[in-house]
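Visitor:
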Amino acid sequence: MSNVADSVDHVIAPPYSGGMIADFQELSDKIEQLAELTLSLRRENAQLRQANAALVAENLGYQKRLAEAHARVSALLEHIPPLETATPEKEDLQS
C-alpha cells in the first residue's frame, strides 16, 4: 500500500482502511433505511390526512342533522300547549 498525498496540503494520508469502508457502508445502509422510513411515513401521513378530512366532513354532516333535528323539536314544542297546573281548590272539588 502506498500513501496518497493530499493535493491541497500535500499531506500524506494513508489509504482507506477496510474498517473505514465498512463504516461508510453501514452509514450508507442507515441512510437508505432512513430514506425508506421517511417515504413510508409520508405515505402514511397522506392517508391519515385523507381519513381525517373524511371524518371532518362526516362530522359536519352530523352537526347539520343535529341542528335540523333540534329546530324540528323546538318547533314541535312551541305547538304543545302548556300544562295547566292543578290548584288546591280544584283538587278538593274532585275528591
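Using the working numbering, read the sequence shown as starting at 31 and increasing by one per residue.
All C-beta atoms in this analysis are idealised placements derived from N, C-alpha and C, irrespective of residue type, glycine included.
Hey, how far is the Cα of R79 from the Cα of R73?
Guide: For the purposes of this step, residue 79 is identified with residue 49 of the sequence shown, where counting begins at 1. For the purposes of this step, residue 73 is identified with residue 43 of the sequence shown, where counting begins at 1. Between R79 and R73, the C-alpha separation is close to 10 Å.
Visitor: Do you know offhand how far E66's Cα is from N89's?
Guide: What you label residue 66 is simply residue 36 of the sequence shown in a count that begins at 1. What you label residue 89 is simply residue 59 of the sequence shown in a count that begins at 1. E66 and N89: Cα-Cα distance of roughly 34 Å.
Visitor: Got a sec, what are the start and stop residues for the alpha helix (DSSP H) T68 sits in?
Guide: In the sequence shown, residue 68 corresponds to position 38, counting from 1. Start and end: 48-109.
Visitor: Nearest-angstrom Cα distance between Q77 and L64?
Guide: Numbered from 1 along the sequence shown, position 47 holds the residue referred to as residue 77. Numbered from 1 along the sequence shown, position 34 holds the residue referred to as residue 64. About 20 Å.
Visitor: For a test of the three-state rule: what should DSSP assign to L113, helix, strand or coil?
Guide: Residue mapping note: residue 113 aligns to position 83 of the sequence shown, counting from 1. Three-state DSSP puts L113 in coil, outside helix and strand.
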